[in-house]
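*Asks:*
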Amino acid sequence: MVQGVGFRFFAQRVADHLGIAGYVKNLRDGRVEVYAIGTAEQLGALREALERGPSAASVSAVTEEDAEVLPRYASRFSIKHDW
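All letters in the sequence shown, in the order written, are residues 1145 to 1227 by this note's numbering.
1. Using the C-alpha atoms, what's the distance from I1181 back to L1187?
2. Return the bridge partner residues of A1180 from the DSSP annotation.
3. Is A1189 near L1171, with beta carbons less than 9 Å apart?
4. Taking a contact to mean a Cβ-Cβ separation below 9 Å, would you say V1158 touches L1194 in this structure?
5. Nearest to S1204 by CA position, among K1224, Y1179 and R1196, is which residue?
6. Check whether the Cβ atoms of S1222 and V1168 lie closer than 9 Å to each other.
7. Please report the straight-line C-alpha distance between R1191 and V1178, rounded to a whole angstrom.
8. What do you reckon, are the CB atoms on E1217 and A1155 nearer than 9 Å?
Have a look at this one:
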């Protein structure tokens, strides 16, 4: 569960700092989904930051998979509020 710990805002701040595009959103089951577009170096740094998380969070696992680049998310990193 990631409710109330600021994880999405943390992810957005880190992604913006690293120059990564994409989005972050909460899933119905309490997990967080991050779709990120960047270089291998940028994505590695993002993963490291997400594994630590914000100070109020306790991250139990980070998994990743390759995905198709979706042009509609390639210009900036945003927080999605839809389920």
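C-beta: ideal position from N, C-alpha, C; glycine also.
Small disclaimer: the values here were computed from a predicted structure and weren't measured.
*Replies:* Let me lay it out:
1. Rounded to whole angstroms, L1187 to I1181 spans 8 Å at the Cα level.
2. Answer by DSSP bridge pairing, in chain order: G1166.
3. no
4. yes
5. R1196
6. yes
7. 10 Å
8. Residue identity differs from the one stated: residue 1217 is Tyr in this sequence, not Glu. Against a cut-off of 9 Å, the Cβ pair of A1155 and Y1217 comes out as no contact.
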